[in-house]
Structures are given as C-alpha cells and as structure tokens.
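First residue of the sequence shown? That's 2 in our numbering, and the numbers climb one at a time after it.
Since the structure comes first, as structure tokens, the remarks are kept for the end.
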Amino acid sequence: MDGCRVIGRGNAALAAAIAIAAAPLASTLMFAVDLSGAQERTFRPLRPLGAASRLTASVHLGDVNGDGALDVVVANGRHWPEQNRVFLNDGRGGFTLARPLGDEEDGTYAAPLADLDGDSDLDIATGNDRTRNLVFFNDGAGRFEAGPTFGAPSSTRSLTLADLDGDGYTDILVVNRGRQNFIFRGDGTGAFDEGTPFGAGDDSTIDVAAADLDGDGDLDLVLANRDGGANAIHWNDGGGFDRRTPYGTGSDETRGVAIGDVDGDRLPDIVVANIGEANAVYFGDGNGSFVRGRPFGREDDRSFAVRLADLDLDGDLDIVVANAGARNAVYFNLGGALEEFRFGCDDCATYGIAVGDLNGDGFPEIVTANSGAPNGLFANVRAEGGGSGQPQ
2 MDGCRVIGRG
12 NAALAAAIAI
22 AAAPLASTLM
32 FAVDLSGAQE
42 RTFRPLRPLG
52 AASRLTASVH
62 LGDVNGDGAL
72 DVVVANGRHW
82 PEQNRVFLND
92 GRGGFTLARP
102 LGDEEDGTYA
112 APLADLDGDS
122 DLDIATGNDR
132 TRNLVFFNDG
142 AGRFEAGPTF
152 GAPSSTRSLT
162 LADLDGDGYT
172 DILVVNRGRQ
182 NFIFRGDGTG
192 AFDEGTPFGA
202 GDDSTIDVAA
212 ADLDGDGDLD
222 LVLANRDGGA
232 NAIHWNDGGG
242 FDRRTPYGTG
252 SDETRGVAIG
262 DVDGDRLPDI
272 VVANIGEANA
282 VYFGDGNGSF
292 VRGRPFGRED
302 DRSFAVRLAD
312 LDLDGDLDIV
322 VANAGARNAV
332 YFNLGGALEE
342 FRFGCDDCAT
352 YGIAVGDLNG
362 DGFPEIVTAN
372 SGAPNGLFAN
382 VRAEGGGSGQ
392 PQ
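Here it is, written out as structure tokens:
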C-alpha cells in the first residue's frame, strides 16, 4: 500500500484496505478502497419501484407535478419494447401512483427531463432503439402528451438535454451505438431542427456527459464509447464540436460517464464505468487535460452506469456505480481514499442509477434501473453501529 493513504470511519482496527495501482503520472488524490464497512451512512432497500420485473434501461428524477418532491421516470424496453412509466412521489418517498408515458410501447433507453417548451415545467424526451425518438410535453400536473419526433430511427442509447449553443434554449444531444451522433437544436417553443451530426459515424457511443471542462463558459461533451472505440472529449468552440481529444486507455469498454470535482481541486474530473476492467477517474488539470487516471473498484464488476453525489453531506462527491451480476457499489469519498459499500442483490442486472433526495430529509436516495428484476429504491439512512457493509 505504499503511496496510498487509507482513511476509515468508525473502528479503524477493522479496516482492510486494498491499494489500487497508480497510473504512471502522480495525482494529489491517492485512491485506496476501505472495505471495513464502518461507514456512517447505509442504504436500506424500500418497496421496489413497481411490482413487475421490466427491461429497464435507465431511471430519471424530476418534479413533474410541481409539488416540490422528486418523481421518477422509468425508461423501459431494453432490447424489447415495453411501456415507459412515470411514478409520482407522495412527498415522503412513496411511489404508489404510476402513469404510463405515451400510448405505445417502445424500446426506450433514456428519458431525461427538462423544460423544452418554455412553460416552466419539466418535459421528457425519449431515446428509442429502432424507432423515432419522441418529446412528451407536460401539462404542469405530471400528465404528458406526445409531441414531435426527432431524428430518424437509430440505435439511440443516451440523451442529454442542455443548452449546447448558448442561445438560452434547451437542445437534445442524441448518441447512437455504431451510428452517427446528432445534436437537435431547440427554439424554446418545443420545436427542434433537423439535427447536426457530430463525432465519427462509427463511434459506437453508449453514454455522454456535458460540462464546461476548459472554463470558457460553454458546455463540452464527454463520450463513452464501446465496441473498441476510444473514449473522447468534443470541445465546444462556440460554433461546433469538431475538436476531439481522446481520453482513457484507447481500448476501454466503457458503459457510463459522469463529470464532477472528485479530488477537491475545484476542477472537473471524468469518472467512467467499465466492463472487463476496473472503473477509473481521470483528473482534470484545468487546461483540458485528463491524462492522470486512477482505477477503482473490481475488474469483474461489469459496471454499466455511474453517478456522482454527496451522499453523506461531508462536502465532497461520492461515486455510485451500477453493476450487472454483482452488487451495486457506493464509493464514499474520504478525501484520500474511497470507502466501498455494496447494496442491492447479487445477481441483478442494474443498467442505470439515479440519485436524489426523495423523502425530503436532505440526504440523497438511490434508484436503480434493473433488467429482469423490479427496479429498486434505497433509502439513505444512518448506519446502526457504524454500518455493516450490507443493506439492512
């Protein structure tokens, strides 16, 4: 464990740390994983989100009916069409009321929320496999009416809703596995243009995150590519995303990507979820370079999604990872170490994660998107006796 600083919580005598091998360049954050199970927070499973087992690809959070509580949008139909659903929060983290999203089943992989028509409520865009993507407009009470389609039928795997051209209106970024990615620019009324391609036509992009990586005031794009394609950053020059910089090893099988300040230097870092190898954090230097990488987690986890949030309210970002065939994982950020906590079932296939305060206590909960098993809700509660390392 030379060069790694291990920080535990609770009974330090129980700490069993695994030092993670460092990349060639040094970093200020030396990662180790503490398996002591002595964390102060734990995640208790609640009633599943819906009783049935679905082929869920992702889950998304937002207040769709204006009551101040986060509701859940479930994107179903991974590899086979199913009905998407909106679960309304009762204000205490209960989700007994579910409404269908749309009149038809779709093979939906993503259903993010944003105000697309300028009426101050959250609308939904669905990214579908082999059928046209759709916009659903919210009436303000959490009821959605199908609006325009966007893009030709393709192999859409992820959508990002953000103002990508700086005109104040939300645009739709569509990434397609093995096909051309597109940006559809919005006009603020719910209409979108015919789309502008970006990236290589064979990128095989599976996920994307948008953030200002170089401090110039506009959003850059971080792509997670699979099928042997190198992960890449597309820089926003104010007129497009033509400038491209690879990151990672060049042969990563990445399935998910998130952006946030993990090491506390006030600069954005890139966190990726991989299969066939450990997950990794790539630290930003403020000048657009992300070459200082650190692996974390287990090489056999098969991680499909990653999210960043301050789960224990200690002021830094923790990492939540969705796994298939192994328990999902939270990596509590201790400033110089990551403390691992496992939750969920051993054999579930979790393909998506969402994090947000569902019950109003100030601590973020976790929602899991499972394929072939009910979707999960996990309450963020104080661990009894310092925590057990397993859900209670």
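We put the beta carbon where it would ideally sit given N, CA and C, even for glycine.
- Pull up the DSSP beta-bridge partners for Asp-264, would you. Asp-264 is not bridged to any residue.
- Item | CB contact flag (Val-74, Ala-112, <7 Å) | yes
- Query: Of the residues Gly-78, Gly-289 and Val-258, which one's Cα is nearest the Cα of Leu-268?
  - Reply: The shortest Cα separation from Leu-268 among Gly-78, Gly-289 and Val-258 belongs to Gly-289.
- Taking the C-alpha atoms as reference points, what is the distance between Phe-284 and Gly-167? 26 Å
- Residue ranges of each beta strand (DSSP E) within the stretch 91-132, 3 or longer: 98-107, 109-111 and 124-129
- Query: Given 8 Å as the limit, is there contact between the stretch 190-198 and the stretch 256-276, that is, 3 or more CB pairs closer than that?
  - Reply: In this structure the stretch 190-198 does not touch the stretch 256-276; the number of beta carbon pairs closer than 8 Å is below three.
- Task: Within its chain, find whatever has a CB closer than 8 Å to the CB of Asn-129; leave out the 5 residues flanking it on each side and keep chain order.
- Result: Gly-78, Asp-107, Gly-108, Thr-109, Tyr-110, Leu-135, Pro-154 and Thr-157
- Task: Output the distance between the C-alpha atoms of Gly-229 and Gly-251, rounded to the nearest integer angstrom.
- Result: When rounded, the distance between both Cα atoms is 8 Å.
- Residues near Leu-26 by beta carbon distance below 7 Å, same chain, minus five either side: Only weak support exists for where Leu-26 lies, its pLDDT of 27 falling under 50; the coordinates are left without a value.
- Message: I'd like to know whether the C-beta of Asp-348 is nearer than 7 Å to at least one C-beta of chain B.
- Response: Looking at the structure shown, chain B is missing, and only one protein chain is on hand.
- In terms of DSSP beta bridges, what is Leu-378 paired with? Val-368
- Item | Continuous beta strand (DSSP E) assignments of at least 3 residues falling wholly in the stretch 299-362 | 304-310, 319-324, 329-334, 339-344 and 351-357
- Query: Using a Cβ-Cβ cut-off of 6 Å (strictly less than) and excluding sequence neighbours within five positions of Gly-63, which residues of its own chain qualify?
  - Reply: Leu-114 and Leu-123
- Message: For the beta strand (DSSP E) containing Asn-77, name the first residue and the last one.
- Response: 72-77
- Pick helix, strand or coil for Glu-385, following the three-state DSSP scheme. helix
- Just the Cα atoms here: how many angstroms apart are Asn-90 and Thr-132? Computed Cα separation, rounded: 30 Å.
- Examine the Cβ distances between the stretch 236-254 and the stretch 313-326 and report whether three or more of them are shorter than 8 Å. no
- Message: Just to confirm before moving on: does the CB-CB distance between Glu-341 and Ala-330 stay below 7 Å?
- Response: yes
- Message: Between Ala-384, Asp-203, Asn-334 and Gly-92, which has its C-alpha nearest Leu-359's C-alpha?
- Response: Gly-92
- Reducing DSSP to helix, strand and coil, say where Arg-48 ends up. coil
- Task: Starting from the C-beta of Asp-68, find all residues in its chain whose C-beta is less than 8 Å away, skip the five residues before and the five after it, and write them out in chain order.
- Result: Asn-90 and Gly-92
- Report buried or exposed for Leu-1, applying the criterion of at least 16 other Cβ atoms within 10 angstroms of its Cβ. The displayed coordinates of the chain run from 2 to 393. Any statement about residue 1 would go beyond what the structure contains.
- Message: Quick check on DSSP: helix, strand or coil for Ala-20?
- Response: No answer about Ala-20 holds up, because its pLDDT of 29 lies below 50 and its placement is not dependable.
- Item | For Gly-336, the nearest candidate out of Ile-173, Ser-205 and Gly-265 (CA to CA) | Gly-265
- Only counting runs of 4 or more residues, tell me where the alpha helix (DSSP H) segments fall wholly within the stretch 192-256, in order along the chain. none
- Tell me which same chain residues have a C-beta within less than 8 Å of the C-beta of Glu-300, skipping the five on either side of it? Gly-277, Glu-278 and Ala-279
- For Arg-55, the residue or residues it bridges with in DSSP: Ala-374
- Query: Within this structure, are the beta carbons of Arg-55 and Val-382 separated by less than 7 Å?
  - Reply: no
- Message: Please list the terminal residues of the continuous beta strand (DSSP E) segment that includes Ile-271.
- Response: 270-275
- Message: Please report the distance separating the alpha-carbon of Asn-226 from that of Arg-100.
- Response: 33 Å
- Item | Minimum C-alpha distance to His-61 - residue among Ala-52, Asp-72 and Gly-51 | Asp-72
- Query: Counting along the chain, where does the beta strand (DSSP E) carrying Tyr-398 start and finish?
  - Reply: Nothing about residue 398 can be read from this structure; the chain reaches only from 2 to 393.
- Query: Is DSSP giving Pro-154 helix, strand or coil here?
  - Reply: In the structure shown, Pro-154 sits in coil (DSSP, three-state: anything other than H, G, I, E or B).
- Query: Are Ala-163 and Ala-211 touching if we call contact CB-CB under 7 Å?
  - Reply: Ala-163 places its beta carbon less than 7 Å from that of Ala-211.
- Query: Is it the case that the Cβ atoms of Phe-137 and Phe-145 are separated by a distance below 7 Å?
  - Reply: yes
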